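Heads up, the thing below is written out as structure tokens.
There are 2 protein chains.
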Amino acid sequence: MSLNVDDPAPGTDTVVIVPSTSADAPTRQRRRGEDLESALLLAVWEEFTDVGFYDLTFEAVARRAGTSRAVLYRRWPGKIELVAAAARYALAKQRGPEPEPTGSLREDLVARLRWANRTDVRSMIAATTHVGAYLAAEGVTFAEVRTMMMPTSSSATFSPIDAAIARGEVDPAHVTPRLASLAFDLFRHEVLLNAQPLTERAISEIVDEIVVPLLTRKE
Amino acid sequence: MSLNVDDPAPGTDTVVIVPSTSADAPTRQRRRGEDLESALLLAVWEEFTDVGFYDLTFEAVARRAGTSRAVLYRRWPGKIELVAAAARYALAKQRGPEPEPTGSLREDLVARLRWANRTDVRSMIAATTHVGAYLAAEGVTFAEVRTMMMPTSSSATFSPIDAAIARGEVDPAHVTPRLASLAFDLFRHEVLLNAQPLTERAISEIVDEIVVPLLTRKE
DNA sequence: CTCGTAAGATACAGACTGTATCCTAGGAGC
DNA sequence: GCTCCTAGGATACAGTCTGTATCTTACGAG
């Protein structure tokens, strides 16, 4: 079942949810449970994508979701938790297929950065980072934040570096944790500094000038 | 002349500036011109350092500076401009000497990252990035923001990479703009993600695992 | 049907924003 | 010394938002 939520005029006191899988379902005026939570998180995410972390307000989210602020505060004590939950929700929703293995380290990395370069993934990174910057002041590490917001899938994800090691292209002795995350670190750095998607040139600079030479060096 | 500003109780309508270079200077009740602007920017910077970009308010800055919000608004239309000006001010004030050249690429890079790791420089980076993220949405590039906030000194600053090229340790063909800024990009990335100073280990990882191997490779 | 719960509406006090207006402290000029 | 001008500082205003509390009643379970 997908939701078609009519955006109510401000001040309207009913929200009409029209279930799209059954034209005969009774019309509901109040949402509950999972339906409500999905609508809330969608509203948060849309608002976050529209205005960013700083300008996002409970008031605006409530308005967008057609609910009252109390409903939001009952679930999430503050903006951090709100955005974190929305990011988690968005991630779960957009679990599109990752790129297929190409057999080439360079192509694998490029494909993955292109995939990450889609708008929703960039928003996800921004959300993670904003939340992380806050929690870092409380002694929470970035790795912990990332785990909190993006639970590691139990399915083994494909790693371009592991594949290249298996093909004998990369010496595992070179692969430190920092080098393993370097491509994505540089990608994130770009995301945080620019509102626009990375150019193809930026992607190939990251891969061809930095990551691949480091990974494939012989000494 | 340095300023000793007594923090007035809220509601107090005079601010006493005691010039420390002359005990006989007349007591002034209102600040003007450069004295005032310095006091304002100092207050902004302290507030920014204390509470960060998000929680910084004109109200709190005005209170801390012992002035009215109108005085701030007369100079800076919004938070971005306010913080940008304060960062510029802080940079000008803390122009401490950069590390001396060591004769070794690695040591030069490490020394510079250690220098950058001081609290005030990290605050500067944070301020630049926050402002930049905002202006990026308006099409301003990060490079432009950085130029705006940290005017390039006309004095030629020492570059570890240039020195290493001169010593024959680095092939200039390898030195792309992205590689030239890599050490500092990775440093900034760490600063943005963590509230604590970088550990010595993180610094040496950046330099020894990534930057130096890339710069000094032969192929 | 009844009952329990939480959705949604609304009120409250406080903080902050952006703007406008007023009084008068400072400094320049004579 | 004086006068004049300007902007510092105080304050008011209307609006938005926050965090919290309270009330009514729509839903869903039994």
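Each protein sequence line maps, in turn, to chains E and D. Everything in the first sequence is counted per this note's numbering, starting at 1 for the first residue and increasing by one. Everything in the second sequence is counted per this note's numbering, starting at 1 for the first residue and increasing by one. By construction, the Cβ of each residue, glycine as well, lies at the ideal position given by its N, Cα and C atoms. Everything numeric in this text was worked out from a predicted model, so none of it was measured.
Confirm, please, whether the CB-CB distance from residue j to residue i is below 7 Å.
i	j	result
Leu82 (chain D)	Val44 (chain D)	yes
Arg217 (chain D)	Arg217 (chain E)	yes
Glu47 (chain E)	Ala60 (chain E)	yes
Arg112 (chain E)	Pro99 (chain E)	yes
Leu214 (chain E)	Leu214 (chain D)	yes
Arg122 (chain D)	Val71 (chain D)	no
Phe187 (chain D)	Ala116 (chain D)	yes
Val170 (chain D)	Ala163 (chain D)	no
Leu41 (chain D)	Tyr89 (chain D)	yes
Asp225 (chain E)	His130 (chain D)	This structure does not reach residue 225 (chain E), given that chain E is present from 1 up to 219, and the question cannot be answered.
Glu209 (chain E)	Thr176 (chain D)	yes
Phe58 (chain D)	Arg69 (chain D)	yes
Ala87 (chain E)	Met124 (chain E)	yes
List the residues of chain E that residue i touches, going by C-beta distances under 7 Å, in chain order.
i	result
Arg106 (chain D)	Within 7 Å Cβ-Cβ: nothing; Arg106 (chain D) doesn't reach chain E, min ~16 Å.
Pro197 (chain D)	Ordered by position in chain E, no residue passes the 7 Å Cβ test against Pro197 (chain D), which lies about 12 Å from the chain.
Asp209 (chain D)	In the sequence on display, residue 209 (chain D) carries Glu and not Asp. In chain order: Thr176, Arg178 and Leu179.
Look at the alpha carbon of residue i and the alpha carbon of residue j, and state the distance between them as a whole number of angstroms.
i	j	result
Ser38 (chain D)	Arg31 (chain D)	10 Å
Leu109 (chain E)	Pro172 (chain E)	17 Å
Val211 (chain E)	Leu179 (chain E)	8 Å
Gly168 (chain D)	Pro101 (chain D)	16 Å
Thr49 (chain D)	Thr128 (chain D)	13 Å
His174 (chain E)	Ile161 (chain E)	11 Å
Leu56 (chain D)	Glu219 (chain E)	49 Å
Ile203 (chain E)	Gly33 (chain D)	48 Å
Ile206 (chain D)	Leu198 (chain D)	11 Å
Leu193 (chain E)	Ser181 (chain D)	14 Å
Val15 (chain D)	Asp35 (chain D)	Bear in mind that a pLDDT of 32 at Val15 (chain D), under 50, signals an unreliable position, so the model cannot answer this.
Lys79 (chain D)	Ala84 (chain E)	25 Å
Gln29 (chain D)	Arg118 (chain E)	57 Å
Ser159 (chain D)	Ala183 (chain E)	25 Å
Gly242 (chain E)	Val51 (chain D)	Absent from the structure is residue 242 (chain E), since the part of chain E shown begins at 1 and ends at 219.
Thr157 (chain D)	Ala126 (chain D)	22 Å
Lys93 (chain D)	Lys93 (chain E)	49 Å
Arg114 (chain D)	Ala166 (chain D)	24 Å
Asp120 (chain D)	Thr67 (chain E)	43 Å
Gln196 (chain D)	Gln196 (chain E)	29 Å
Ser154 (chain E)	Pro77 (chain E)	With a pLDDT of 39 at Ser154 (chain E), under the threshold of 50, the modelled position of this residue cannot be trusted, and the question is left open.
Who are the neighbours of residue i on chain E, taking C-beta pairs under 8 Å?
i	result
Pro77 (chain D)	The premise fails here: Pro77 (chain D) is roughly 16 Å from chain E at the closest Cβ pair, so nothing lies under 8 Å.
Glu205 (chain D)	Thr176 and Arg178
Leu56 (chain D)	By Cβ distance, chain E contributes nothing, its closest Cβ being about 11 Å from Leu56 (chain D), past 8 Å.
Residues of chain D with a CB under 9 Å from the CB of residue i: which are they?
i	result
Arg217 (chain E)	Pro213, Leu214, Arg217 and Glu219
Glu100 (chain E)	Those do not exist, as Glu100 (chain E) stays about 28 Å from chain D at its closest Cβ, beyond 9 Å.
Glu46 (chain E)	Ordered by position in chain D, no residue passes the 9 Å Cβ test against Glu46 (chain E), which lies about 17 Å from the chain.
Exercise. Can you give me, in chain order, the residues of the segment 158-187 of chain E that have a beta carbon less than 9 Å from any beta carbon in chain D?
Key: His174, Thr176, Pro177, Arg178, Leu179, Leu182, Asp185 and Leu186
Quiz item: In the segment 116-129 of chain D, which residues sit with their C-beta less than 8 Å from some C-beta in chain E, listed in chain order?
Solution: Thr129
Self-check item: Within the segment 69-108 of chain D, ranges of the alpha helix (DSSP H) (whole runs, at least 4 residues)
Solution: You should have 69-75 and 79-93.
Quiz prompt | Runs of beta strand (DSSP E) lying entirely within the segment 152-208 of chain D, each at least 3 residues, in chain order | solution = none
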